[in-house]
Ligand code: 2AM
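Numbering (the working numbering), first residue to last: 23 to 248.
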């Protein structure tokens with residue numbers, strides 16, 4: 023009998039339940055149910071267009087502040103210790119939902135988003151302070167301008183959808199007011215930003231699953247940071 027040919031080792035995707043697994047983390051402001059309902063409404067309206075877009079689950083829509091990526095769990099612990107004081111120095115504030123748009127542009131859409139209005143300086147200051155704390159802890163922080171938005175969907179490279187990617191810019195433009203070029207969103211919903219959450223995301227074959235691993239309250243009138 024001839025010796026069996028050794029099998030090549032199996033390559034498995036990293037198992038997020040392994041004790042030494044890295045945590046894929048990001049920091050975000052959570053959205054209340056009425057804003058998630060706005061997100062759901064927009065997606066319900068746009069999904070029948072059959073664009074090559076992977077729509078988000080409205081239940082987990084959020085406003086990303088910083089994406090941290092794969093992080094050893096013990097480094098997440100550092101964030102749990104450092105961020106409460108940083109975030110609590112900022113007073114809670116109110117934002118409102120705005121118009122629709124695309125990154126990097128309507129001509130080359132990769133991400134479809136719902137914009138936000140409100141005290142941009144408050145949000146920018148919070149984003150900057152958290153970014154500085156992350157840098158102090160040697161976390162990678164994305165440089166460049168911060169464009170606060172709620173992601174609605176991400177464009178796939180190639181879809182099996184009826185409408186190909188190349189038709190999207192024109193169809194997006196058709197949604198815009200011809201005079202202003204603005205893709206007007208649904209009536210504005212106002213919502214408070216009262217906390218920043220540290221979220222672990224689990225990637226799989228379907229939509230990512232998100233788990234909030236820490237909450238950092240902003241300062242509220244009671245002075246309790248909540
Ligand atoms: P988004 O809010 O613009 O969609 C979790 O993946 C979150 O982190 C997403 O909501 C996503 O941004 C944000 N994010 C930022 N940079 C990312 C990157 N390089 N890879 C994956 N997600 C990123």
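The beta carbon of each residue, even a glycine, is placed where N, CA and C say it ideally should be.
Just so we're clear, the structure is a prediction, and the values are computed from it rather than from any experiment.
In the DSSP assignment, residue 74 falls outside any alpha helix (DSSP H) and carries neither an H nor an E. Taking 8 angstroms as the cut-off, the beta carbon of residue 234 is found no closer than this to the beta carbon of residue 116. In the three-state DSSP reduction, residue 166 falls in the coil class, being neither helix nor strand.
Using a Cβ distance threshold of 8 angstroms, residue 47 and residue 222 count as a contacting pair. At least one heavy atom of ligand 1 falls within 7 angstroms of the beta-carbon of residue 173.
Runs of beta strand (DSSP E) with 3 or more residues, each lying fully within the segment 125-209, are found at 131-139, 171-177, listed in chain order.
Residue 208 places its beta carbon less than 8 angstroms from that of residue 63. When DSSP states are grouped into helix, strand and coil, residue 111 belongs to the coil group. Residue pairing of residue 223 in beta bridges, as defined by DSSP: 232.
Closest in alpha carbon position to residue 76, among 134, 96, 51, is 134. DSSP, reduced to helix, strand and coil, places residue 58 within a helical segment of the structure shown. For residue 94, the three-state secondary structure derived from DSSP is coil. Contact annotation: the segment 102-109 touches the segment 153-168, with at least three C-beta pairs closer than 8 angstroms. With distances taken between CA atoms, residue 98 lies nearest to 236 out of 240, 243, 241, 236.
The alpha carbon of residue 113 has as its nearest neighbour, out of 94, 148, 45, 136, the alpha carbon of 148. Less than 8 angstroms separates the beta-carbon of residue 220 from that of residue 49.
With a cut-off of 8 angstroms on Cβ pairs, the segment 191-208 is not in contact with the segment 165-172, counting fewer than three such pairs. Short of 8 angstroms from the beta carbon of residue 191, and not among the five residues preceding or following it, lie these beta carbons of its own chain, in chain order: 128, 129, 130, 131. Judged by the Cβ position, residue 161 fails to qualify as a neighbour of ligand 1 at the 7 angstroms threshold, every heavy atom of the ligand being at least this far. Linking residue 122 to residue 43 through their CA atoms gives a straight-line distance of about 37 angstroms. Distance from the C-beta of residue 84 to the nearest heavy atom of ligand 1 is below 7 angstroms.
Per the coordinates, the alpha-carbon of residue 239 lies some 15 angstroms from the alpha-carbon of residue 144. Taking the Cα positions, residue 174 is about 29 angstroms away from residue 110.
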